[in-house]
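> Residue numbers for the sequence shown, in mature numbering (1 follows the signal peptide of the UniProt record, and there is no 0): -22 to -1, 1 to 400. Heads up, the beta-carbon is just placed ideally off N, CA and C, and yes, glycines get one too. If you're wondering where the values come from, they're calculated on a predicted model, not measured in any experiment. Would you mind keeping the following structure in view while I ask a few things?
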Amino acid sequence: MHLLRHLLVAVDLLGLAAEVKALTDYSGVETCPWSQQRPLLSTCVGDGQTKLNFSGSSSSPGQPQHKFKEDDWGWIGPHKCFQKWCLWSNNQFAGGRGISVITLHENMNQVKAIGVNLNNANPLDANAFPPPYNIDEVPGKGLGVIANKIISRGTQVMTYSPVLLVHKEFIDTPTTQKKRQLLDLAVQVLPENVRTKFEAQMSSVGSGAHKIAAILITNSFQMSIPTKDGHHYGNFPEVSRLNHNCRPNTAFHIDENLVHHVNAVQKIKKGEEISISYLDPVAPRDERQKRSLAAWGFSCDCPACSQHNLLVKLSDERLAEIHELESKLQSYGSEGITAKMIERLLKLYKQEKLESRVFGAYTLAALNYNMLGWDRMAVKYAKMAVEEGTIEGGPEAPDVVAMRVLAGDPRGHFTWRGRVGK
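Dropping the structure here:
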């Protein structure tokens, strides 16, 4: 999750770090470090881990040998199993969009509950028709998402449920023919229009790789369902059309119902490409390019990465200062915290054009101003955090709710004058 780092910063001051760690820490990871709501491939390759081996061509598993009774909510399965993982499908999921799920038996009750929620409030109904964008050729990039009208800051650009949900450990296990067959079948049982969208996605994995696995690895996002072993990868074909930019004009989040939301973080002009960041935008330029080269076969050439080397050096210095300031501001034990440091952090975010993740900076500003006893400034930035956090993480994100509480009663908040004494 590209929001995760800042959310952890904010939550640390709110005393909830252990809870967040329980949701995001995944000990014993073999494929790559778990990073909630981060793209799978860009996360794995950045740590030099290459165990995602799905070599072998797609097979033809054929139709399931048995007919399965459809339950009251449209679920069919398990169609087939591989070791402890089985395949379920539901063509009624999310108002008829459909989904295939490869997971453990014990996870399916929660997945089915999510399906009920989505059928009661279909997320696709929230998409504008016609959408505020077209899918067009972008020079040097292939297909991209282009605004067909002015899109205001805070506007929802797209909202989609996943069409394929695959348990993380299934991806980690050694590849066999039966494993590839289960992936093939998962796509085969999707509604035809959704299957076509899935198969049209690009892959950056080698030509000898298994097609479905390669698409899944290249284009999927990490996410969790609230179970003991709930880490999964989800694929959203429409979202994969959004090209990467280290300074994107949108932010995304995935909600508790596994729905992927893309919202504009700034005004987007008609004809402008709509982008999201698949990498950590606060990482140094060389690190970002290293990850993009390993993940997609090319070094990122967005404006932030392709500017003159002198400007890159200045940018990297600002990013390093951001890390240093955040490290101090997030700790109760830091001494010498001043309003000047808070304002410096906010200025650096503006200079670096980090509109897609400024929520964390506003949250730190609100909390630290409150700990300094500056209630008006605390309220100012808490309200700004609520506004930005709603765009970046949704209106009911825990830290957005926490900022509403602070804005409503700064002097009654447990952080009041925490750095200067009561």
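Who are the near neighbours of Pro388 in its chain, counting only those whose CB is closer than 7 Å to its CB and skipping five residues on each side?
Asn348, Asp353, Ala356, Val357 and Trp394
> Cα separation between Leu342 and Asn112?
37 Å
> CA-CA distance, Gln88 and Gln285?
47 Å
> Are there three or more Cβ pairs, one per stretch, closer than 8 Å when the stretch 165 to 175 is compared with the stretch 76 to 83?
yes
> Specify the secondary structure class of Gln61 as computed by DSSP and reduced to three states.
coil
> Residues in its own chain within less than 7 Å of Gly6 by CB, not counting five upstream and five downstream?
Low per-residue confidence applies at Gly6: pLDDT is 30, beneath 50, and the placement is therefore not dependable, though the value from the model is reported in the following sentence. Cβ within range, chain order: n/a, list empty.
> What residues in its chain sit with their C-beta under 7 Å from that of Gly93, if we drop five residues either side in the sequence?
Trp51, Asn68 and Phe71
> Which stretch, first to last residue, makes up the alpha helix (DSSP H) that contains Asn197?
Lys189 to Asn197
> Could you tell me whether the Cβ atoms of Ile54 and Trp66 are closer together than 8 Å?
Remark: C-beta atoms of Ile54 and Trp66 approach each other more closely than 8 Å.
> To test your reading of the DSSP string, which unbroken beta strand (DSSP E) runs of 3 or more residues are found completely within the stretch 124 to 151?
134 to 138 and 142 to 145
> Quick check: the Cα distance between Val398 and His301, rounded to an integer number of angstroms?
24 Å
> DSSP three-state label for Gln70, please.
coil
> Run through the DSSP bridge pairs and tell me what Ile232 is partnered with.
His238
> If you compare alpha carbons, which of Lys175, Gly122 and Ala380 is closest to Glu250?
Gly122
> Leaving aside the five residues before and after Gly367 along the sequence, list all residues of the same chain whose C-beta is less than 7 Å from its C-beta, in chain order.
Phe337, Ala375, Asp377, Val378 and Met381
> List the whole-angstrom C-beta distance separating residue 401 from Ser198, where the pair is believed to meet the contact cut-off of C-beta under 8 Å.
Missing from the structure shown is residue 401; the chain here goes from -22 to 400 and no further.
> Measure the alpha-carbon distance for Leu289 versus Lys325 and round it to whole angstroms.
Taking the straight line from one Cα to the other gives about 17 Å.
> Of all the options Lys247, Gln200 and Gln308, which has the alpha carbon lying nearest to the alpha carbon of Glu234?
Gln200
> From the DSSP output, in three-state form, read off Val243 for me.
coil
> From which residue to which residue does the beta strand (DSSP E) around Ser284 run?
Per DSSP, Ser284 belongs to no beta strand (DSSP E); it is in the alpha helix (DSSP H), Pro281 to Ser284.
> Check the C-beta distance from Ile369 over to Val243 and give it rounded, since I have them as a contact under 8 Å.
Contact holds; Cβ gap of about 6 Å.
> Considering Cα atoms alone, identify which of Leu96, Met362 and Cys283 is closest to Arg335.
Met362
> Along the beta strand (DSSP E) that carries Tyr211, what are the first and last residues, could you check?
His209 to Asn213
> If Gln179 sits next to Ser130, beta carbons under 8 Å apart, how far is it from one beta carbon to the other, in whole angstroms?
Going by Cβ atoms, the distance from Gln179 to Ser130 rounds to 29 Å, so no, they are not a contact pair.
> Would you identify the three-state DSSP class for Trp51, choosing helix, strand or coil?
coil
> Opposite Gln166 in the DSSP bridges: which residues?
BP columns for Gln166 are empty, so no partner.
> With distances taken Cα to Cα, identify the nearest neighbour of Ile128 among Tyr359, Asn227, Lys175 and Arg322.
Of all alpha-carbon atoms in Tyr359, Asn227, Lys175 and Arg322, the one lying nearest the alpha-carbon of Ile128 is that of Asn227.
> As a quick exercise: from Val141, His210, His188 and Val135, pick the residue whose alpha carbon is nearest that of Thr153.
Distances from the CA of Thr153 to each of Val141, His210, His188 and Val135 were compared; the closest alpha carbon is that of His188.
> Do you know whose CA, among Tyr310, Ala344 and Lys328, lies nearest Ala317's CA?
Ala344
> Inspect the beta-carbon positions of Val144 and Tyr211 and report whether they are closer than 8 Å.
Yes.
> Could you give the first and the last residue of the continuous beta strand (DSSP E) run that contains Asp114?
Its beta strand (DSSP E) spans residues Tyr111 to Val116.
> Buried or exposed for Glu170, please, with buried defined as at least 16 other CB atoms from any protein chain shown within 10 angstroms of its CB.
exposed
> DSSP state of Met319, grouped into three classes?
helix
> Pick helix, strand or coil for Thr174, following the three-state DSSP scheme.
helix
> Below 8 Å between beta carbons: does that hold for residue 407 and Val135?
Residue 407 lies beyond the stretch modelled for the chain, which goes from -22 to 400, so this question has no answer here.
> Would you mind working out which of Asn95, Ile124, Asp264 and Ala261 sits nearest Lys248, comparing C-alpha positions?
Measuring from the Cα of Lys248, the nearest candidate turns out to be Ile124.
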